[in-house]
Every structure is written in C-alpha cells, then in structure tokens.
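In order, the protein sequences belong to chains D and B.
Using the numbering used here, the letters of the first sequence correspond one by one to residues 17 to 226.
Using the numbering used here, the letters of the second sequence correspond one by one to residues 6 to 223.
C-beta: ideal position from N, C-alpha, C; glycine also.
Reading through the structure tokens given below for one structure.
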Amino acid sequence: MTGHDHDHHHDHDHSELSETELRVRALETILTEKGYVDPAALDLLIETYETKVGPRNGARVVARAWADSGYRDRLLKDATPAISELGYAGRQGEHIVALENTPHLHNMVVCTLCSCYPWPVLGLPPVWYKSAPYRSKAVKDPRGVLADFGFELPEGTNIRVWDSTAEIRYLVLPMRPSGTDGWSEERLADLVTRDSMIGTGLPKQPHEIA
Amino acid sequence: MDGAHDMGGVPWSGPVQPEPNEPMFHAEWERRAFAITLAMAMPGGWNIDMSRFAREDRPPGDYLSKSYYQIWLAGLERLMLERKLIASDEIEAGKPLHPTKPVAKTLTPDGVASMLHRGGPTEREATSPALFTVGDRVRARTIHPLTHTRLPRYVRGHIGTIEMLHGVHVFPDSNSLGQENPQWLYTVSFDGRELWGPDGDASVKISVDAWESYLERV
Numbered sequence: 017m018t019g020h021d022h023d024h025h026h027d028h029d030h031s032e033l034s035e036t037e038l039r040v041r042a043l044e045t046i047l048t049e050k051g052y053v054d055p056a057a058l059d060l061l062i063e064t065y066e067t068k069v070g071p072r073n074g075a076r077v078v079a080r081a082w083a084d085s086g087y088r089d090r091l092l093k094d095a096t097p098a099i100s101e102l103g104y105a106g107r108q109g110e111h112i113v114a115l116e117n118t119p120h121l122h123n124m125v126v127c128t129l130c131s132c133y134p135w136p137v138l139g140l141p142p143v144w145y146k147s148a149p150y151r152s153k154a155v156k157d158p159r160g161v162l163a164d165f166g167f168e169l170p171e172g173t174n175i176r177v178w179d180s181t182a183e184i185r186y187l188v189l190p191m192r193p194s195g196t197d198g199w200s201e202e203r204l205a206d207l208v209t210r211d212s213m214i215g216t217g218l219p220k221q222p223h224e225i226a
Numbered sequence: 006m007d008g009a010h011d012m013g014g015v016p017w018s019g020p021v022q023p024e025p026n027e028p029m030f031h032a033e034w035e036r037r038a039f040a041i042t043l044a045m046a047m048p049g050g051w052n053i054d055m056s057r058f059a060r061e062d063r064p065p066g067d068y069l070s071k072s073y074y075q076i077w078l079a080g081l082e083r084l085m086l087e088r089k090l091i092a093s094d095e096i097e098a099g100k101p102l103h104p105t106k107p108v109a110k111t112l113t114p115d116g117v118a119s120m121l122h123r124g125g126p127t128e129r130e131a132t133s134p135a136l137f138t139v140g141d142r143v144r145a146r147t148i149h150p151l152t153h154t155r156l157p158r159y160v161r162g163h164i165g166t167i168e169m170l171h172g173v174h175v176f177p178d179s180n181s182l183g184q185e186n187p188q189w190l191y192t193v194s195f196d197g198r199e200l201w202g203p204d205g206d207a208s209v210k211i212s213v214d215a216w217e218s219y220l221e222r223v
C-alpha cells in the first residue's frame, strides 16, 4: 500500500463514522460513566496485544526447540510449562499442545466453530483465520487451502488437521530449514513465520533473510 | 446449536484470502470493541461459553453479514442487555438513562497483566476414570441441541479413534447455562474419507477435541 492510499483510508475512517463506530463509542461512554470499564484498562489491553503479544513469541519457542533438543522434547511432551519457561502463558493459552511437522506429516490448525487460537504465542488471529473460507475448507480440503496460500507439499506428505473445538490450543513446530547449522536462536527465530506455526505456511529459507 | 458459525465443510465459502502485512486491527472501533469485550467479562460475570453462545445464537443471515468484531459487539450487547447492565434506550441515546446496577468487580489498569496471565484454565480434578483410552474406536453422537455445543456437525455420526486424553475439562454445553459439569476430554481423529466420502482425501486426518458425553463406543 502506498503512503497516499494509507492517508486516504485514514481520512476516510475519521470523516465518515460508521454506524458501528458510533455504536462502539456510545457503548464505551455508557459503560465508563456507569463505572463498569476504565478506559485506561482498555488502552492497556489494546497496547498489550498490539505491541507485546504476537507471533514473535511463538518464533522464540520454535527457535529454542530447533536449537535445544532437550527443550524440544519438553515442548512436545507438555507444551504449556515449556512455553511458560520463556515467559509466555495465560489467556487463550492455558492448555497448549505442540505439533511436530516431519517430512511425512504436515499439521494444520483451525477453529471451525469460532476463532480459537494460541494468543500467548501467536497474538490475536488474522482475519483469514476467522473467515468462512478458512473455517470451512481447512477440514475438508486442506491441500486446497495450502494452494490458496501459494504452496504445495511434497508428494507423499500426509496432512493432519486439528480443529480447536475445546480449550486446548495448538502450536505447529515446523521443520528447521536446512543450511542453518550453528545459527543462534535469535537468527533462527527470524525464519519462523506466523503461518508456519498455524500450518498454512513454511518457515523462511536462509537466503530470504540474508 | 446448529448455526451458521458451525462452518466445517460448508461448500459456499470460496478461497482463503490472506492479507499481506495485516494490521492487528482494521479500525479504531475494532480496538475498542475488543478491549471492552475483554474488560466487561469481569463486572458482567459471564464465562467464555456464554460469550460464544451469545455470538453464535443468531439467524444465519445476520451471522454471515457481520464482520468478526461486529459479531463480538452484538454478543456483548446481548449479554449486557440480558443482565440489565445496560438498556436499549441507553445505547440509542449514547448515555446512561437508568440507575447503575452494582457489580462485584471491574478491571483496573493494574489488574490487566494478572487477568491476562491467569487466563481461564478449564481443567478440573478427575473424580471418575476415563471411559475411553488411546486407540479406542468411538462414534461422535448425532445430536442437535438448541443450546450451545462444541461438537461440530461435520463429525456427528462418524467413527474416529481416540488419540489423546487431556484430563477433565469444564463442559461447554452446560457451562453456557451456568453449570461446569466437568468431563473427560479427548482428541478424536477421523479419516478424510470417513468424513467426506469417496471424494475425501485419504492422506488427510482431521481431529476434534470432544468431551466424553459426545462419544459412544463402537
């Protein structure tokens, strides 16, 4: 998107308030005046998810698992405490299971009923994850979903789709790209994309982050 | 309930459309709707299954025409109206018109980090042994409750295999009505062709997490 387009959207949003925008403003006013919400607490919630909690957390978990086989084993055995070792825990990640991709098995995570997603490690879900196309297609035609994302798996790779219907949250542990021997965790984390931890993408290759 | 939210396998949805460099929120009102929803659960006293039911329990046309955070907003309004925390005329007027109903607690800025860190664990102590074990063949029951359920339609009546036990967890079908009634929770996997017939992909397995009462032995 160019700067011009961005400015245009910005102006548009502020000059023509939608019915929804007006309704949310009205609600916040009412709830604040009644003492049910504190706008400073709302600001802090937004700031937390816009700046602190996001897929960089999950990338650090994956990089640690790639670099440290003891950590990888703990992660695959019981992910919640292993992830908590790095300081990530809590809401929408109370019970996490890590799923290891192999040359023969590719894992993909969906929530067909709503939008369940491991917030402490991936942040809030993107729009496509919450959309009808992904929620409907992931369980019936996962290879078609991967095609929508622009890639296909090698012949002979089985797919396992995990529908998050309870409070168990799933994190895909993608395969470590080759050509990364001896890399630091920090550098490995730069290869880990959000989509590779959902199962709709692959990690970057070393040449992509040169 | 059988609603438009239960989307697994529906044929009308088209391709997935990823958005490059997607922002966390697409408008200021989404930020505020998200935060108000999280903050209001404390004074409101509802649980996650009550929230989910308030979002999904609406006519398909309404559910499908609303954006994600518009659905959150509609669910939140419903929960607050039901508990008389706000009234419709107040939303229309954009200001309080009626006496404030006392609430037990509210979310303060210094309570945010601990509230998020605590989350809402759903595991409870087991009081009975699990009925099923890894490897057991089970059928997902054919049920169509009018109230909240987390058993998606596309697995009902189909045979799968118990693959994991997750301990005993709060049962959403009753929790949405105010009763935890915890049950054993399992991951049950199904072959693609069991779910989708000869057109299904034999190299695909699909799992759901299912509470014990959703399952019967075969």
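>> So, at 8 Å on beta carbons, what are the nonlocal neighbours of E95 (chain B) in its own chain, with the 5 sequence-adjacent residues on each side left out?
In response: P101, L102 and H103
> Looking only at C-alpha atoms, which of B:A98, B:P28, B:T42 and B:S218 sits nearest to R161 (chain B)?
Replying inline: B:S218
> Under the three-state reduction of DSSP, which class applies to E101 (chain D): helix, strand or coil?
Replying inline: coil
> Can M45 (chain B) and A148 (chain D) be called in contact, C-beta distance under 8 Å?
Replying inline: no
> Considering only residues of the same chain and omitting the five flanking positions on each side of V213 (chain B), which have a CB-CB separation below 7 Å?
Replying inline: P157, V160 and V193
>> Out of B:G165, B:E130 and B:N26, which one is the CA nearest neighbour of R146 (chain B)?
In response: B:G165
>> Quick check on the DSSP output: the beta strand (DSSP E) that includes N123 (chain D) runs from which residue to which?
In response: L121 to V126
> Is it the case that the Cβ atoms of T152 (chain B) and D115 (chain B) are separated by a distance below 8 Å?
Replying inline: The answer is no: Cβ separation not under 8 Å.
> Which whole-angstrom value describes the C-beta separation of D59 (chain D) and T113 (chain B), a residue pair presumed to lie in contact below a C-beta threshold of 8 Å?
Replying inline: Contact flag wrong, Cβ pair sits at about 12 Å.
> What whole-angstrom Cβ distance do L92 (chain D) and A114 (chain D) have, given they're in contact under 8 Å?
Replying inline: 6 Å
>> Against E27 (chain B), what residues of chain D qualify as contacts under a CB-to-CB distance less than 7 Å, listed in chain order?
In response: The answer, in chain order, is P142 and V143.
> Just reading off the beta strand (DSSP E) that D111 (chain D) is part of, what are its end residues?
Replying inline: What sits at residue 111 (chain D) in the sequence shown is His, not Asp. In the DSSP assignment, H111 (chain D) falls within the unbroken beta strand (DSSP E) covering H111 to E116.
> If you compare alpha carbons, which of B:H122, B:P187 and B:V108 is closest to V69 (chain D)?
Replying inline: B:H122
> Alpha carbon to alpha carbon, what distance is there between D196 (chain B) and P203 (chain B)?
Replying inline: 11 Å
> When the Cβ atoms of the region 205-224 of chain D are set against those of the region 72-79 of chain D, are three or more pairs found closer than 8 Å?
Replying inline: When Cβ pairs closer than 8 Å are counted between the two stretches, the region 205-224 of chain D is seen to touch the region 72-79 of chain D, the count reaching three or more.
> Using CA coordinates, which residue listed in B:E221, B:E35 and B:P25 is at the minimum distance from A135 (chain B)?
Replying inline: B:E221
>> Please report the straight-line C-alpha distance between G139 (chain D) and R198 (chain B), rounded to a whole angstrom.
In response: 34 Å
> With C-beta atoms as the reference, is V188 (chain D) less than 8 Å away from G215 (chain D)?
Replying inline: Yes.
> Could one say the Cβ of G19 (chain D) lies closer than 8 Å to chain B's Cβ atoms, at least one of them?
Replying inline: Here the model assigns G19 (chain D) a pLDDT of 37, short of 50, so the residue's position is not dependable and the matter cannot be decided.
> Excluding the five sequence neighbours on either side, which residues of its own chain have a C-beta within less than 8 Å of the C-beta of G140 (chain B), listed in chain order?
Replying inline: T166 and I167
> In terms of alpha-carbon separation, which member of D:Y145, D:T173 and D:E224 lies closest to T196 (chain D)?
Replying inline: D:E224
> Do the region 40-47 of chain D and the region 21-40 of chain B make contact, defined as three or more Cβ pairs closer than 8 Å?
Replying inline: yes
> So with Cβ pairs under 8 Å, would you call G109 (chain D) a contact of chain B?
Replying inline: With respect to chain B, the C-beta atom of G109 (chain D) has a partner C-beta closer than 8 Å.
>> What does the alpha-carbon distance come out to for the pair T36 (chain D) and Q75 (chain B)?
In response: 8 Å
> Using a beta-carbon distance below 8 Å, is R36 (chain B) in contact with chain D?
Replying inline: Judged by the 8 Å Cβ criterion, R36 (chain B) is in contact with chain D.
> Where does A98 (chain D) land, buried or exposed, given buried means 16+ other C-beta within 10 angstroms?
Replying inline: buried
>> Looking only at its chain, what residues have a beta carbon closer than 6 Å to the beta carbon of A92 (chain B), apart from the 5 residues adjacent to it on each side?
In response: H103
> Candidates D:D89, D:G217, D:F167 and D:V155: which alpha carbon is nearest W178 (chain D)'s?
Replying inline: D:V155
>> Looking only at its chain, what residues have a beta carbon closer than 7 Å to the beta carbon of D206 (chain B), apart from the 5 residues adjacent to it on each side?
In response: Excluding sequence neighbours, D206 (chain B) sits near G197.
> Helix, strand or coil: which one does DSSP assign to T132 (chain B)?
Replying inline: Reduced to three states, the DSSP call for T132 (chain B) is coil.
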